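First residue of the sequence shown: 3, per the working numbering; consecutive thereafter.
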Amino acid sequence: MRTRARTAWRRSLLGWMVLVVLGGPAATAVPAATLRWKLKPGETLHYVMEQQTETSDKAGAQESKVTLSQTINWGWAVKEVGPDGVADLNLTIDRIRTTIASPIGVFTYDSDDKQEPQGLLAAGLVPFLKALVGAPFAVKMSPQGELSDVKVPEKLLQAIREAGPAGGGGANIFSEEGLRHMITEVSLALPKEDLEKGKSWTRQIKIPSPFGDMTLETVYTDQGPDPSAGPDVERINLETKVEAPPPPEGAAFKINAQERKGTFFFDNAAGRLIKSQVAENMEAVLTINKIEISRRNTATTTLKLESDGASK
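Structure below.
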(Lines of atoms letter the chains of each structure in order from A and count residues from 1; the text may use other names and numbers.)
(Lines give C-alpha, C1' and ligand atoms only; values in the text may rest on other atoms or scores of the structure.)
Protein backbone atom coordinates (compact mmCIF):
# COMPACT_ATOMS: atom_id res chain seq x y z
CA MET A 1 0.00 0.00 0.00
CA ARG A 2 2.83 2.35 0.96
CA THR A 3 4.66 1.41 -2.24
CA ARG A 4 1.60 2.33 -4.32
CA ALA A 5 1.25 5.63 -2.46
CA ARG A 6 4.92 6.49 -3.03
CA THR A 7 4.56 5.58 -6.72
CA ALA A 8 1.46 7.74 -7.11
CA TRP A 9 3.16 10.65 -5.32
CA ARG A 10 6.25 10.36 -7.55
CA ARG A 11 4.09 10.27 -10.67
CA SER A 12 2.17 13.32 -9.48
CA LEU A 13 5.42 15.18 -8.74
CA LEU A 14 6.90 14.16 -12.09
CA GLY A 15 3.76 15.32 -13.89
CA TRP A 16 3.88 18.71 -12.13
CA MET A 17 7.56 19.13 -13.05
CA VAL A 18 6.81 18.33 -16.70
CA LEU A 19 4.06 20.97 -16.74
CA VAL A 20 6.43 23.57 -15.29
CA VAL A 21 9.31 22.76 -17.63
CA LEU A 22 7.22 22.46 -20.78
CA GLY A 23 4.89 25.34 -19.91
CA GLY A 24 1.72 23.26 -19.90
CA PRO A 25 -1.71 24.36 -18.67
CA ALA A 26 -0.09 26.34 -15.83
CA ALA A 27 1.55 28.70 -18.38
CA THR A 28 -0.34 31.52 -20.09
CA ALA A 29 0.57 32.23 -23.72
CA VAL A 30 0.89 35.90 -24.69
CA PRO A 31 -1.34 36.53 -27.74
CA ALA A 32 -0.10 38.41 -30.77
CA ALA A 33 -0.72 42.16 -30.55
CA THR A 34 -1.80 44.60 -33.24
CA LEU A 35 -0.03 47.86 -32.38
CA ARG A 36 -1.64 51.01 -33.75
CA TRP A 37 -1.53 54.73 -33.07
CA LYS A 38 -4.96 56.00 -31.94
CA LEU A 39 -5.32 59.74 -32.35
CA LYS A 40 -8.44 61.86 -31.83
CA PRO A 41 -9.26 65.21 -33.45
CA GLY A 42 -8.75 68.10 -31.04
CA GLU A 43 -6.27 66.39 -28.72
CA THR A 44 -2.65 67.46 -28.29
CA LEU A 45 0.19 65.21 -27.22
CA HIS A 46 3.00 66.93 -25.33
CA TYR A 47 6.43 65.33 -25.62
CA VAL A 48 9.79 66.32 -24.16
CA MET A 49 12.91 65.39 -26.11
CA GLU A 50 16.34 65.39 -24.43
CA GLN A 51 19.51 65.20 -26.53
CA GLN A 52 23.10 64.88 -25.38
CA THR A 53 25.92 64.64 -27.93
CA GLU A 54 29.69 64.83 -27.80
CA THR A 55 31.98 64.96 -30.84
CA SER A 56 35.76 64.71 -30.47
CA ASP A 57 38.20 65.25 -33.35
CA LYS A 58 41.93 64.59 -33.37
CA ALA A 59 44.36 65.52 -36.15
CA GLY A 60 47.98 64.96 -35.19
CA ALA A 61 48.63 66.80 -31.94
CA GLN A 62 45.50 68.95 -32.27
CA GLU A 63 42.32 67.92 -30.49
CA SER A 64 38.90 69.54 -30.31
CA LYS A 65 35.60 68.67 -28.67
CA VAL A 66 32.07 69.94 -29.18
CA THR A 67 29.21 69.05 -26.82
CA LEU A 68 25.52 69.69 -27.30
CA SER A 69 22.82 69.53 -24.64
CA GLN A 70 19.30 70.20 -25.85
CA THR A 71 15.75 70.00 -24.53
CA ILE A 72 12.82 70.38 -26.93
CA ASN A 73 9.18 70.62 -25.86
CA TRP A 74 6.90 69.36 -28.61
CA GLY A 75 3.16 69.78 -29.11
CA TRP A 76 1.43 67.33 -31.46
CA ALA A 77 -1.96 68.84 -32.30
CA VAL A 78 -4.37 66.46 -34.03
CA LYS A 79 -6.48 68.34 -36.59
CA GLU A 80 -8.37 65.60 -38.40
CA VAL A 81 -8.46 61.80 -38.64
CA GLY A 82 -9.74 60.29 -41.89
CA PRO A 83 -11.83 57.12 -42.31
CA ASP A 84 -8.61 55.27 -43.17
CA GLY A 85 -7.07 56.29 -39.84
CA VAL A 86 -4.60 58.75 -41.40
CA ALA A 87 -4.31 61.82 -39.17
CA ASP A 88 -3.46 65.41 -40.05
CA LEU A 89 -1.13 66.84 -37.40
CA ASN A 90 0.62 70.08 -36.61
CA LEU A 91 3.91 69.39 -34.84
CA THR A 92 5.13 72.50 -33.04
CA ILE A 93 8.18 73.23 -30.92
CA ASP A 94 6.82 75.10 -27.90
CA ARG A 95 10.19 75.63 -26.24
CA ILE A 96 13.84 74.87 -26.97
CA ARG A 97 16.83 74.99 -24.63
CA THR A 98 20.28 74.53 -26.13
CA THR A 99 23.81 74.61 -24.78
CA ILE A 100 26.79 74.18 -27.11
CA ALA A 101 30.38 74.10 -25.85
CA SER A 102 33.09 74.32 -28.51
CA PRO A 103 36.68 75.58 -28.87
CA ILE A 104 35.35 79.00 -29.89
CA GLY A 105 33.15 79.40 -26.84
CA VAL A 106 29.96 78.38 -25.05
CA PHE A 107 26.51 79.15 -26.41
CA THR A 108 23.38 78.89 -24.25
CA TYR A 109 19.87 79.64 -25.45
CA ASP A 110 16.40 79.34 -23.93
CA SER A 111 13.47 80.42 -26.07
CA ASP A 112 11.59 81.43 -22.90
CA ASP A 113 14.37 83.83 -21.89
CA LYS A 114 13.77 87.36 -23.17
CA GLN A 115 17.48 88.18 -23.00
CA GLU A 116 19.18 86.71 -26.07
CA PRO A 117 22.80 85.50 -25.99
CA GLN A 118 25.50 87.45 -27.80
CA GLY A 119 28.65 86.44 -29.64
CA LEU A 120 29.82 84.70 -32.81
CA LEU A 121 27.87 81.48 -32.29
CA ALA A 122 24.75 83.38 -31.25
CA ALA A 123 24.78 85.49 -34.40
CA GLY A 124 24.50 82.38 -36.55
CA LEU A 125 22.18 80.27 -34.40
CA VAL A 126 19.70 82.54 -32.59
CA PRO A 127 17.70 83.66 -35.67
CA PHE A 128 17.19 80.03 -36.70
CA LEU A 129 16.29 78.82 -33.20
CA LYS A 130 13.83 81.68 -32.78
CA ALA A 131 12.19 80.74 -36.07
CA LEU A 132 11.88 77.11 -34.91
CA VAL A 133 9.73 77.94 -31.89
CA GLY A 134 6.03 78.19 -32.61
CA ALA A 135 6.34 77.20 -36.27
CA PRO A 136 3.87 74.35 -36.99
CA PHE A 137 5.07 71.49 -39.21
CA ALA A 138 2.05 70.06 -41.05
CA VAL A 139 2.38 66.27 -41.39
CA LYS A 140 0.29 63.18 -42.02
CA MET A 141 0.51 60.12 -39.76
CA SER A 142 -0.70 56.66 -40.71
CA PRO A 143 -2.18 54.31 -38.07
CA GLN A 144 1.23 52.61 -38.06
CA GLY A 145 2.89 55.91 -37.06
CA GLU A 146 4.58 56.58 -40.39
CA LEU A 147 4.98 60.34 -40.91
CA SER A 148 4.75 61.76 -44.43
CA ASP A 149 4.00 64.92 -46.41
CA VAL A 150 6.08 67.06 -44.05
CA LYS A 151 5.59 70.76 -44.79
CA VAL A 152 8.35 72.99 -43.43
CA PRO A 153 7.00 76.42 -42.32
CA GLU A 154 7.85 79.28 -44.65
CA LYS A 155 9.46 81.37 -41.88
CA LEU A 156 11.92 78.54 -41.30
CA LEU A 157 12.74 78.28 -44.99
CA GLN A 158 13.35 82.03 -44.97
CA ALA A 159 15.69 81.67 -41.97
CA ILE A 160 17.62 78.96 -43.83
CA ARG A 161 17.94 81.14 -46.93
CA GLU A 162 19.15 84.08 -44.87
CA ALA A 163 21.70 81.87 -43.09
CA GLY A 164 23.29 81.01 -46.45
CA PRO A 165 26.32 78.69 -46.24
CA ALA A 166 26.24 78.98 -42.45
CA GLY A 167 23.03 77.01 -42.55
CA GLY A 168 24.98 73.90 -43.39
CA GLY A 169 23.25 73.03 -46.67
CA GLY A 170 21.77 69.55 -46.52
CA ALA A 171 24.30 68.40 -43.93
CA ASN A 172 22.49 69.04 -40.67
CA ILE A 173 19.33 70.15 -38.91
CA PHE A 174 19.87 73.72 -40.13
CA SER A 175 18.55 72.83 -43.59
CA GLU A 176 15.19 71.94 -45.08
CA GLU A 177 16.22 68.29 -45.51
CA GLY A 178 17.63 68.16 -41.99
CA LEU A 179 14.34 69.50 -40.59
CA ARG A 180 12.30 66.94 -42.51
CA HIS A 181 14.47 64.17 -41.10
CA MET A 182 14.13 65.53 -37.56
CA ILE A 183 10.33 65.53 -37.87
CA THR A 184 9.95 62.05 -39.38
CA GLU A 185 12.19 60.51 -36.72
CA VAL A 186 10.21 61.66 -33.66
CA SER A 187 7.59 58.97 -34.23
CA LEU A 188 7.66 55.16 -33.95
CA ALA A 189 6.70 53.46 -37.22
CA LEU A 190 5.02 50.10 -36.61
CA PRO A 191 4.46 47.20 -39.03
CA LYS A 192 1.03 46.36 -40.43
CA GLU A 193 1.33 42.76 -39.24
CA ASP A 194 0.51 41.53 -35.74
CA LEU A 195 3.44 41.42 -33.33
CA GLU A 196 4.53 38.89 -30.77
CA LYS A 197 7.61 38.57 -28.60
CA GLY A 198 10.72 38.02 -30.71
CA LYS A 199 9.22 39.22 -34.00
CA SER A 200 11.29 41.78 -35.92
CA TRP A 201 10.81 44.24 -38.76
CA THR A 202 13.23 46.47 -40.63
CA ARG A 203 13.14 50.12 -41.66
CA GLN A 204 15.68 51.92 -43.82
CA ILE A 205 16.16 55.68 -43.93
CA LYS A 206 18.71 58.14 -45.28
CA ILE A 207 20.02 61.09 -43.29
CA PRO A 208 22.08 64.02 -44.57
CA SER A 209 25.81 64.24 -43.81
CA PRO A 210 28.63 66.52 -45.02
CA PHE A 211 29.58 63.89 -47.66
CA GLY A 212 26.09 62.90 -48.77
CA ASP A 213 23.31 60.72 -47.46
CA MET A 214 24.11 58.10 -44.82
CA THR A 215 21.96 54.95 -44.89
CA LEU A 216 20.55 53.72 -41.58
CA GLU A 217 19.04 50.24 -41.51
CA THR A 218 17.17 49.71 -38.25
CA VAL A 219 15.90 46.37 -36.99
CA TYR A 220 13.04 46.60 -34.46
CA THR A 221 12.29 43.60 -32.24
CA ASP A 222 9.17 43.21 -30.14
CA GLN A 223 9.98 42.26 -26.53
CA GLY A 224 6.36 41.66 -25.54
CA PRO A 225 4.39 43.35 -22.74
CA ASP A 226 6.36 45.19 -20.05
CA PRO A 227 4.21 45.45 -16.89
CA SER A 228 6.89 47.57 -15.19
CA ALA A 229 6.20 50.34 -17.73
CA GLY A 230 2.44 50.15 -17.27
CA PRO A 231 -0.57 48.05 -18.29
CA ASP A 232 -0.86 47.30 -22.02
CA VAL A 233 2.64 48.70 -22.66
CA GLU A 234 4.72 46.91 -25.28
CA ARG A 235 8.51 47.11 -25.22
CA ILE A 236 10.34 47.32 -28.54
CA ASN A 237 14.11 47.24 -28.95
CA LEU A 238 16.03 48.60 -31.91
CA GLU A 239 19.49 48.15 -33.35
CA THR A 240 20.86 50.12 -36.29
CA LYS A 241 23.62 49.60 -38.83
CA VAL A 242 25.08 52.64 -40.58
CA GLU A 243 26.40 52.73 -44.14
CA ALA A 244 28.48 55.82 -44.87
CA PRO A 245 28.40 57.53 -48.28
CA PRO A 246 31.56 57.53 -50.41
CA PRO A 247 33.94 60.36 -49.41
CA PRO A 248 34.79 63.16 -51.83
CA GLU A 249 37.58 62.69 -54.34
CA GLY A 250 41.01 62.74 -52.72
CA ALA A 251 39.67 61.65 -49.34
CA ALA A 252 39.10 58.39 -47.49
CA PHE A 253 36.52 57.66 -44.81
CA LYS A 254 36.34 54.56 -42.64
CA ILE A 255 34.01 53.66 -39.77
CA ASN A 256 36.06 51.70 -37.23
CA ALA A 257 33.29 51.11 -34.69
CA GLN A 258 29.58 51.85 -34.64
CA GLU A 259 26.68 51.00 -32.36
CA ARG A 260 23.15 52.36 -32.16
CA LYS A 261 20.66 50.73 -29.82
CA GLY A 262 17.48 51.82 -28.14
CA THR A 263 14.16 50.97 -26.55
CA PHE A 264 10.61 52.18 -27.21
CA PHE A 265 7.62 51.79 -24.90
CA PHE A 266 4.27 51.85 -26.71
CA ASP A 267 0.94 52.03 -24.86
CA ASN A 268 -1.31 49.95 -27.10
CA ALA A 269 -4.49 50.72 -25.15
CA ALA A 270 -3.97 54.48 -25.52
CA GLY A 271 -2.40 54.07 -28.96
CA ARG A 272 0.72 56.20 -28.49
CA LEU A 273 4.40 56.16 -27.68
CA ILE A 274 5.01 56.96 -24.01
CA LYS A 275 8.82 57.02 -23.93
CA SER A 276 11.96 56.01 -25.78
CA GLN A 277 15.72 56.13 -25.47
CA VAL A 278 18.34 55.69 -28.19
CA ALA A 279 22.11 55.69 -27.62
CA GLU A 280 24.73 55.67 -30.35
CA ASN A 281 28.50 55.61 -30.59
CA MET A 282 30.69 55.94 -33.65
CA GLU A 283 34.44 56.02 -34.23
CA ALA A 284 35.66 56.95 -37.69
CA VAL A 285 38.76 58.13 -39.51
CA LEU A 286 38.76 60.68 -42.32
CA THR A 287 41.89 61.16 -44.42
CA ILE A 288 42.24 64.29 -46.56
CA ASN A 289 45.49 65.18 -48.35
CA LYS A 290 47.32 62.56 -46.24
CA ILE A 291 46.08 64.21 -43.04
CA GLU A 292 44.27 61.75 -40.79
CA ILE A 293 41.39 63.03 -38.68
CA SER A 294 39.97 60.71 -36.03
CA ARG A 295 36.42 61.38 -34.90
CA ARG A 296 34.49 59.93 -31.99
CA ASN A 297 30.81 60.71 -31.60
CA THR A 298 28.43 59.72 -28.80
CA ALA A 299 24.77 60.67 -28.58
CA THR A 300 21.78 59.89 -26.41
CA THR A 301 18.22 60.91 -27.26
CA THR A 302 15.19 60.39 -25.03
CA LEU A 303 11.54 61.16 -25.73
CA LYS A 304 8.84 61.15 -23.06
CA LEU A 305 5.12 61.81 -23.18
CA GLU A 306 4.33 64.51 -20.62
CA SER A 307 0.58 64.78 -21.13
CA ASP A 308 -2.18 64.39 -23.67
CA GLY A 309 -5.70 65.65 -24.04
CA ALA A 310 -7.70 68.41 -25.64
CA SER A 311 -5.88 71.46 -26.94
CA LYS A 312 -5.78 74.39 -24.58
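Glycine included, every Cβ here is placed at the ideal spot set by N, Cα and C. On a predicted model such as this, the values are computed, not experimentally measured, just so you know.
Self-check item: Local Cβ density within 10 Å of threonine 36, reported as buried at 16 or more and exposed below that
Solution: On the sequence shown, position 34 is the one that residue 36 refers to. Around the Cβ of threonine 36, a 10 Å sphere holds fewer than 16 other Cβ atoms; the residue is exposed.
Quiz item: Does the distance from the C-beta atom of glycine 226 to that of arginine 38 stay below 8 angstroms?
Solution: As a working mapping, residue 226 is identified with position 224 in the sequence shown. As a working mapping, residue 38 is identified with position 36 in the sequence shown. In this structure, arginine 38 does not lie closer than 8 angstroms to glycine 226 by Cβ.
Quiz item: Does DSSP put threonine 186 in a helix, in a strand, or in coil?
Solution: Residue numbering aside, residue 186 sits at position 184 when the sequence shown is read from its first letter. Helix, per DSSP.
Exercise. Mind checking who threonine 36 pairs with in its DSSP beta bridge?
Key: Reading the sequence shown from its first residue, position 34 is the one you call residue 36. Under DSSP, threonine 36 takes part in no beta bridge, so it has no partner.
Quiz item: With methionine 143 and leucine 149 assumed to form a contact (beta carbons below 8 angstroms), what rounded beta-carbon distance in angstroms separates them?
Solution: Along the sequence shown, read from residue 1 onward, the residue named residue 143 stands at position 141. Along the sequence shown, read from residue 1 onward, the residue named residue 149 stands at position 147. Contact flag correct, Cβ pair sits at about 6 angstroms.
Quiz item: Between Val50, Pro43, Glu179 and Leu41, which lies nearest to lysine 277 when the distance is taken from Cα to Cα?
Solution: Locating residue 277 in the sequence shown gives position 275, where the first residue counts as 1. Residue Val50 is the option with its Cα nearest to lysine 277.
Quiz prompt | Per DSSP, the bridge partner or partners of proline 227 | solution = Against the sequence shown, residue 227 aligns to sequence position 225. Looking at the DSSP output, proline 227 bridges to Glu236.
Quiz item: What does DSSP give as the partner residues of methionine 108 in its beta bridges?
Solution: Here residue 108 corresponds to residue number 106 of the sequence shown, with the count starting at 1. Here residue 108 turns out to be valine, not methionine, going by the sequence shown. Note: valine 108 sits in a beta bridge opposite Ala103.
Self-check item: Three CB pairs or more closer than 8 angstroms across the stretch 75 to 82 and the stretch 55 to 65
Solution: They do not touch, by the three-pair rule.
Exercise. Less than 8 angstroms between the CB atoms is what I'm expecting for aspartate 300 and valine 280, so what's the real figure, rounded?
Key: Position 298 of the sequence shown, counted from the start, is the residue given in the question as residue 300. Position 278 of the sequence shown, counted from the start, is the residue given in the question as residue 280. Aspartate is not the amino acid found at residue 300; the sequence shown has threonine there. The beta carbons of threonine 300 and valine 280 sit about 12 angstroms from each other, so the pair does not count as a contact at 8 angstroms.
Practice problem: Go ahead and pull the three-state DSSP assignment for valine 88. | Solution: Indexing the sequence shown from 1 puts residue 88 at position 86. DSSP, reduced to helix, strand and coil, places valine 88 outside both helices and strands of the structure shown, so it counts as coil.
Quiz item: Comparing alpha-carbon positions, which option in Ser71, Ser66, Glu245 and Leu307 lies nearest glycine 214?
Solution: Locating residue 214 in the sequence shown gives position 212, counting from the first residue. Nearest of Ser71, Ser66, Glu245 and Leu307 to glycine 214, Cα basis: Glu245.
Quiz item: The beta strand (DSSP E) with alanine 253 in it runs from where to where?
Solution: Sequence index remark: in the sequence shown, residue 253 carries index 251 (1-based). 253 to 269 is the extent of the beta strand (DSSP E) around alanine 253.
Practice problem: Please report the residue range of the beta strand (DSSP E) in which glycine 77 lies. | Solution: Counting from 1 along the sequence shown, the entry for residue 77 is found at position 75. Glycine 77: member of the beta strand (DSSP E) spanning 64 to 83, first to last residue.
Quiz item: Under the rule that 16 or more other beta-carbon atoms within 10 Å means buried, what is glutamate 236, buried or exposed?
Solution: Indexing the sequence shown from 1 puts residue 236 at position 234. Buried: at least 16 other Cβ atoms inside 10 Å.
Quiz item: What is the residue span of the alpha helix (DSSP H) that leucine 127 lies within?
Solution: Here residue 127 is taken as the residue at index 125 of the sequence shown, counted from 1. Note, leucine 127: alpha helix (DSSP H), 122 to 134.
Practice problem: Report the option in Tyr111, Thr186 and Phe109 whose CA atom is closest to the CA atom of glutamine 206. | Solution: Residue 206 sits at position 204 when you count from the first residue of the sequence shown. Selection Tyr111, Thr186 and Phe109 evaluated against glutamine 206 yields Thr186 as nearest (Cα-Cα).
Quiz item: What's the C-alpha gap between glycine 350 and alanine 63?
Solution: This structure cannot settle anything about residue 350, because the visible part of the chain is limited to 3 through 314.
Exercise. Check the DSSP bridge columns for alanine 301 and list the partner residues they point to.
Key: Taking the first residue of the sequence shown as position 1, residue 301 is located at position 299. In DSSP, alanine 301 forms a bridge with Thr55 and Glu282.
Self-check item: Residues of its chain near glutamate 285, where Cβ-Cβ distance is below 6 angstroms and the 5 sequence neighbours each way are ignored
Solution: Here residue 285 refers to the residue found at position 283 of the sequence shown. Excluding positions up to five away in sequence, the list reads Asn258, Ala259 and Arg298.
Self-check item: Alpha-carbon spacing of aspartate 310 relative to proline 138, whole angstroms
Solution: The residue given as residue 310 occupies position 308 in the sequence shown. The residue given as residue 138 occupies position 136 in the sequence shown. In a straight line, the C-alpha of aspartate 310 is about 18 angstroms away from that of proline 138.
Practice problem: Starting from the C-beta of leucine 88, find all residues in its chain whose C-beta is less than 8 angstroms away, skip the five residues before and the five after it, and write them out in chain order. | Solution: Stepping through the sequence shown from its first residue, residue 88 is reached at position 86. The amino acid at residue 88 is misidentified as leucine; the sequence shows valine. Lys142, Met143, Ser144 and Pro145.
Quiz item: Which value, in whole angstroms, describes the spacing of the CA atoms of leucine 190 and leucine 159?
Solution: Numbered from its first residue, the sequence shown carries residue 190 at position 188. Numbered from its first residue, the sequence shown carries residue 159 at position 157. Straight-line measurement puts the Cα of leucine 159 at about 26 angstroms from the Cα of leucine 190.
Exercise. Apply the 10 Å Cβ neighbour rule to asparagine 270 and answer buried if 16 or more other Cβ atoms are within range, or exposed otherwise.
Key: Taking the first residue of the sequence shown as position 1, residue 270 is located at position 268. Residue environment: asparagine 270 is assigned as buried (16 or more neighbouring CB atoms within 10 Å of its CB, all protein chains considered).
Self-check item: Option in Lys67, Pro233 and Trp203 with minimal Cα separation from glutamate 241
Solution: By 1-based counting over the sequence shown, the position of residue 241 is 239. Here the closest residue by C-alpha is Trp203.
Self-check item: Proximity winner among Thr289, Asp59 and Ile98, relative to methionine 73 (alpha-carbon distances)
Solution: Residue 73 sits at position 71 when you count from the first residue of the sequence shown. Checking the displayed sequence, the identity of residue 73 turns out to be threonine instead of methionine. Of all alpha-carbon atoms in Thr289, Asp59 and Ile98, the one lying nearest the alpha-carbon of threonine 73 is that of Ile98.
Quiz item: Helix, strand or coil for leucine 159 per DSSP?
Solution: Here residue 159 refers to the residue found at position 157 of the sequence shown. Helix, per DSSP.
Quiz item: In whole angstroms, what is the alpha-carbon distance linking asparagine 239 and glycine 264?
Solution: In the sequence shown, counting from the first residue as 1, residue 239 sits at position 237. In the sequence shown, counting from the first residue as 1, residue 264 sits at position 262. Their Cα atoms are separated by approximately 6 angstroms.
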